[in-house]
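Working notes for the structure below.
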Amino acid sequence: MSAEIKSHLTDLLTQSLALVAPQTPASIIALERPKQAAHGDWACNVAMQLAKQLKKNPRELAQALIAALPASPWLERAELAGPGFINLRLNPAAKLEAVRNVLAAGAGYGRGNAGKRRPILVEFVSANPTGPLHLGHGRQAALGDALCALLEAQDWKVTREFYYNDAGVQIDTLALSVQSRAREQRGEAVSFPETGYQGEYIREIAADYLAGKGDPGDLTAVRRFSVAALRREQDGDLAALGVKFDNYYLESSLYTDGKVEATVGALTASGKTYEQDGALWLRTTEYGDDKDRVMKKSDGSYTYFVPDVAYHVTKWQRGFTHAVNIQGSDHHGTVARVRAGLQALNTVTAAGIPLGYPDYVIHKMVTVMKAGEEVKLSKRAGSYVTARDLIDEVGRDAVRFFLVSRKADTEFVFDIDLAKSQTEDNPVYYVQYAHARICSVLAQWGANAQTLGSASLAALTLPRELALAQRLGEFPEILAEAALAFAPHAVAFYLRELAGEFHSYYNAERVLVADEPLKLARLALILAVRQVLQNGLALLGVSAPEKM
RNA sequence: GUGCCCGUAGCUCAAUCGGAUAGAGCACCAGCCUUCUAAGCUGGGGGUUGUGGGUUCGAUUCCCGCCGGGCACGCCA
Numbered sequence: 039m040s041a042e043i044k045s046h047l048t049d050l051l052t053q054s055l056a057l058v059a060p061q062t063p064a065s066i067i068a069l070e071r072p073k074q075a076a077h078g079d080w081a082c083n084v085a086m087q088l089a090k091q092l093k094k095n096p097r098e099l100a101q102a103l104i105a106a107l108p109a110s111p112w113l114e115r116a117e118l119a120g121p122g123f124i125n126l127r128l129n130p131a132a133k134l135e136a137v138r139n140v141l142a143a144g145a146g147y148g149r150g151n152a153g154k155r156r157p158i159l160v161e162f163v164s165a166n167p168t169g170p171l172h173l174g175h176g177r178q179a180a181l182g183d184a185l186c187a188l189l190e191a192q193d194w195k196v197t198r199e200f201y202y203n204d205a206g207v208q209i210d211t212l213a214l215s216v217q218s219r220a221r222e223q224r225g226e227a228v229s230f231p232e233t234g235y236q237g238e239y240i241r242e243i244a245a246d247y248l249a250g251k252g253d254p255g256d257l258t259a260v261r262r263f264s265v266a267a268l269r270r271e272q273d274g275d276l277a278a279l280g281v282k283f284d285n286y287y288l289e290s291s292l293y294t295d296g297k298v299e300a301t302v303g304a305l306t307a308s309g310k311t312y313e314q315d316g317a318l319w320l321r322t323t324e325y326g327d328d329k330d331r332v333m334k335k336s337d338g339s340y341t342y343f344v345p346d347v348a349y350h351v352t353k354w355q356r357g358f359t360h361a362v363n364i365q366g367s368d369h370h371g372t373v374a375r376v377r378a379g380l381q382a383l384n385t386v387t388a389a390g391i392p393l394g395y396p397d398y399v400i401h402k403m404v405t406v407m408k409a410g411e412e413v414k415l416s417k418r419a420g421s422y423v424t425a426r427d428l429i430d431e432v433g434r435d436a437v438r439f440f441l442v443s444r445k446a447d448t449e450f451v452f453d454i455d456l457a458k459s460q461t462e463d464n465p466v467y468y469v470q471y472a473h474a475r476i477c478s479v480l481a482q483w484g485a486n487a488q489t490l491g492s493a494s495l496a497a498l499t500l501p502r503e504l505a506l507a508q509r510l511g512e513f514p515e516i517l518a519e520a521a522l523a524f525a526p527h528a529v530a531f532y533l534r535e536l537a538g539e540f541h542s543y544y545n546a547e548r549v550l551v552a553d554e555p556l557k558l559a560r561l562a563l564i565l566a567v568r569q570v571l572q573n574g575l576a577l578l579g580v581s582a583p584e585k586m
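Start counting the first sequence at 39; every next residue gets the next number (the working numbering).
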């Protein structure tokens, strides 16, 4: 495995360092993949790192380290370069190791064990049940689900959770909006609530309610019906995206279970609260927030902040010593508050919740462009691009791949016209096409692909073949780093590159050649490429079609 | 005004805990299908990484100032 080769090279350098500079800890040795092929397969900058403290010339130091390197079956040569880099070049056998490993591990290739079977809770989407999911939610769903898959591949025990805000004022607004539309449809003269939701879907819910012989005067019934309808709607949106949650946590349950009361009690006992203007405040500024927060309003009700803290306490109490929240940047203000609330609780409950708990992935908004103009995502105004609309237009694979292929903290411009009119230019097809091409070649060969696992790879000598093999070897590192950084976009970029190298190879060389050993070796290589494409696409929730 | 985030090719975006000559795609230009899928390939032009300093062998990356954009600054969620 590539990881084995990397640790092997590290080991060689460690031995060399022990001879050249015995006092130096080996932990300083770091290997990286150079951007340029001319700089070898791996590069080490240890000589430059040590030059100052050893008071030696970095190039001389590097030369000494190279001279002291033990012999190795994988290493072709080591050379001094630039200001003091040690560039390591692998022999073909070392590069082809990856192909063997991919075929041996199959769908499990790329997995790591950083999670060590520990539980982690990932909360995402958590949309209010007051409308269908829009593209911002779509981005969060694609991001969150891919992140969960990545964490699972690193051996974390992942729970996907959706926090359901079913207890707030927005639900009242929803009920009043639907009630008003229902009365309107009955021919009554009513004034629509000023802050009500304007969307067409409100009218539809009202019509459905009336069709079911519902009484517009019964606000409780209207509310129950509306929430249920929108929950079904959101479930449908998520299903269309292919995202499934393990658990829905209801905000209302925090009240009925007494957890909100308990949290307020504990926070009061912590001595971090005070009363002012008839309200109860928490000194969140003691924990890095920029102003203190009201917990209990002067009318006796709680602010949303309290159930939010209570909810996160349950995460910890449920055994999730690791938790990640995926949120839009419009809610980034809650980060300091929630963490502050948890830290204040620590002082009385001795729960020992760590300072940075929970982790956050903050993503920026999705700007939607249509006909060269920005479409505002406003529920109230009613102009509304839903996740479902987009899936219907460009397909689930494209939507998911596209939404996950950018860093979370960059703003996302989704041009609907571009996505509609130029679906062929979407990168997802490029990657899927590589997969389909490989399937086609294997089908024409016709024999059992299982046998390729033991094929000799010695015939693979072209630079393109070795580069492709080496690219396969990077996959486990890409996944490990992407999981660690909560950055699924790295997987999308990797797949784009792998597919690109495959397409070039496919165009330049023929796989089904007369030379039998060469044919089998090339088949083994492309079979391994197909496996990695499959594994990568699966992580992103994108299909790997056999035909296109 | 204060806090957080972002600023990289015409456009959309990358850049491995500070690494070597900052990379892809789209668009544009010129080529490649009697041969395994042309949703593909090959080649080309495109940059003072917003800006000014600092840190050091070395900065897109770290620190400070400024400019521009987004978001948040409720006893709303």
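We put the CB at the ideal spot given by N, CA and C, even for glycine.
Practice item. Look at the alpha carbon of Y147 and the alpha carbon of P514, and state the distance between them as a whole number of angstroms. Key: Spanning the alpha carbons of Y147 and P514 requires a straight line of approximately 7 Å.
Exercise for review: Within the same chain, show all residues whose beta-carbon is closer than 6 Å to that of A180, passing over the 5 residues directly before and after it, in chain order.
Suggested key: R438, L441, V442.
Practice item. With DSSP as the reference, label K417 as helix, strand or coil. Key: Summary for K417: the model assigns pLDDT 48, below 50, so the residue's position carries little reliability; its value from the coordinates is reported in the next sentence. In the three-state reduction of the DSSP assignment, K417 falls in the coil class.
Exercise for review: Grab the span of the beta strand (DSSP E) containing A277 for me, first residue to last.
Suggested key: A277 -> not in any beta strand (DSSP E); alpha helix (DSSP H) instead, spanning 257-279.
Exercise for review: Could I get the ranges of all uninterrupted beta strand (DSSP E) runs contained in the segment 165-207, with 3 residues as the minimum, in chain order?
Suggested key: Listed in chain order, the complete beta strand (DSSP E) runs (minimum 3 residues) inside the segment 165-207 are 195-202.
**Study point:** R331 - containing beta strand (DSSP E), residue span
**Key:** 331-334 is the extent of the beta strand (DSSP E) around R331.
Exercise for review: Sort out for me which residues DSSP pairs M586 with in a bridge.
Suggested key: Bridge partners of M586: none, in fact.
Exercise for review: Please name the residue, chosen from V466, L561, N203, F162, that lies closest to L185 on a Cα-to-Cα basis.
Suggested key: Ranking V466, L561, N203, F162 by CA distance to the CA of L185 puts F162 first.
**Study point:** Coil, strand or helix - W483 by DSSP
**Key:** W483 falls in the helix class under three-state DSSP.
Exercise for review: Spell out the partners DSSP gives H401 in its beta bridges.
Suggested key: Looking at the DSSP assignment, H401 forms a beta bridge with G366.
Point to revise | Exposure of G274, with buried meaning 16 or more beta-carbon neighbours within 10 Å | key: In summary, G274 is exposed, with fewer than 16 beta-carbon neighbours lying within 10 Å of its beta-carbon over all protein chains present.
Review point. Taking three-plus beta-carbon pairs below 8 Å as touching, is the segment 506-521 in contact with the segment 136-144?
Key: As far as the Cβ criterion goes, the segment 506-521 touches the segment 136-144, which means the pair count is three or higher.
Check your understanding: For L504, which three-state DSSP category applies?
Key -> In this structure, DSSP gives L504 a helical state, which the three-state scheme calls helix.
Review point. Where L318 and G338 are concerned, what is the direct C-alpha to C-alpha distance, given to the nearest angstrom?
Key: Here the alpha carbon of L318 sits roughly 9 Å from the alpha carbon of G338.
**Study point:** Whole-angstrom distance between L575 and Q569, CA atom to CA atom
**Key:** Cα-Cα distance, rounded: 10 Å.
Exercise for review: Identify, in the order they occur along the chain, each residue of the same chain with its Cβ nearer than 7 Å to the Cβ of W483, setting aside the five sequence neighbours on each side.
Suggested key: Closer than 7 Å at the Cβ level, and outside the excluded window around W483, lie L550, L561.
Review point. Quick one: what does DSSP say M39 is sitting in, helix, strand or coil?
Key: Here M39 scores only 45 on pLDDT, less than 50, and its place in the model should not be relied on; the value that follows carries that caveat. Coil at M39, not helix or strand.
Check your understanding: Within 10 angstroms of its Cβ, does A419 collect 16 or more other Cβ (buried), or is it exposed?
Key -> Reliability fails at A419, whose pLDDT of 47 lies under 50, so the model's placement of it is uncertain and no value is given.
Point to revise | Rounded straight-line distance, which links the Cα of N464 to that of I20 | key: The structure shown does not extend to residue 20, since the chain spans only 39 to 586, so no value can be given for it.
Review point. What is the rounded straight-line gap between the Cα of A304 and the Cα of G357?
Key: Distance between the alpha carbons of A304 and G357: 20 Å.
**Study point:** Euclidean distance between Cα positions of A85 and I124
**Key:** Going from the Cα of A85 to the Cα of I124 covers about 8 Å.
Exercise for review: List the endpoints of the continuous alpha helix (DSSP H) containing A537.
Suggested key: First-last of the alpha helix (DSSP H) with A537: 527-546.
Check your understanding: In chain order, what residues of the same chain have a beta carbon less than 7 Å from the beta carbon of R177, not counting five sequence neighbours either side?
Key -> Within the same chain, H401, V404, L441, F450 come within 7 Å of R177 by CB-CB distance, once the 5 residues on both sides are set aside.
Exercise for review: Measure the alpha-carbon distance for H175 versus L279 and round it to whole angstroms.
Suggested key: C-alpha of H175 to C-alpha of L279: approximately 11 Å in a straight line.
Practice item. Can you tell me the Cβ-Cβ gap for V469 and L571, rounded? I've got them flagged as a contact below 8 Å. Key: Contact between V469 and L571 holds, since their C-beta atoms are separated by about 6 Å, short of 8 Å.
Review point. Can you tell me where the beta strand (DSSP E) with N125 in it begins and where it stops?
Key: Looking at the DSSP string, the run of the beta strand (DSSP E) that includes N125 is 123-128.
Check your understanding: If we ignore side chains and look at the alpha-carbon of each, how far apart do L107 and L55 end up?
Key -> So the alpha carbons of these two residues sit roughly 9 Å apart.
Check your understanding: For L248, which residues of its own chain have a beta-carbon under 8 Å away from its beta-carbon, when the five flanking residues on both sides are left out?
Key -> Excluding residues within five positions, the ones whose Cβ falls inside 8 Å are A220, Q223, R224, P254.
Check your understanding: Looking only at its own chain, which residues have a Cβ that is under 7 Å from the Cβ of S290, when we skip the five neighbours before and after it?
Key -> Only D204, A205 meet the Cβ criterion.
Exercise for review: Let me know the secondary structure DSSP gives L498 once reduced to three states.
Suggested key: Annotated three-state conformation of L498 is coil, per DSSP.
Practice item. Decide yes or no for the touch test of the segment 150-164 against the segment 378-385: beta carbon pairs closer than 8 Å, at least 3 of them. Key: Cβ pair count under 8 Å is below three, so no.
Check your understanding: Looking only at its own chain, which residues have a Cβ that is under 7 Å from the Cβ of K329, when we skip the five neighbours before and after it?
Key -> Around K329: T323.
Exercise for review: Could you round the C-beta distance between L498 and L563 to whole angstroms and report it? I think they count as a contact, below 8 Å.
Suggested key: At roughly 6 Å, the Cβ-Cβ gap stays under 8 Å, so L498 and L563 are in contact.
Check your understanding: Buried or exposed: where does G169 fall if 16 or more other Cβ atoms within 10 Å of its Cβ makes it buried?
Key -> So G169 ends up on the buried side.
Point to revise | Pick from D435, A259, E554, S65 that is closest to A277, judged by C-alpha positions | key: For A277, the nearest C-alpha among the options comes from D435.
Review point. What is the DSSP secondary structure of N384, reduced to helix, strand or coil?
Key: Here DSSP, grouped into helix, strand and coil, assigns N384 to helix.
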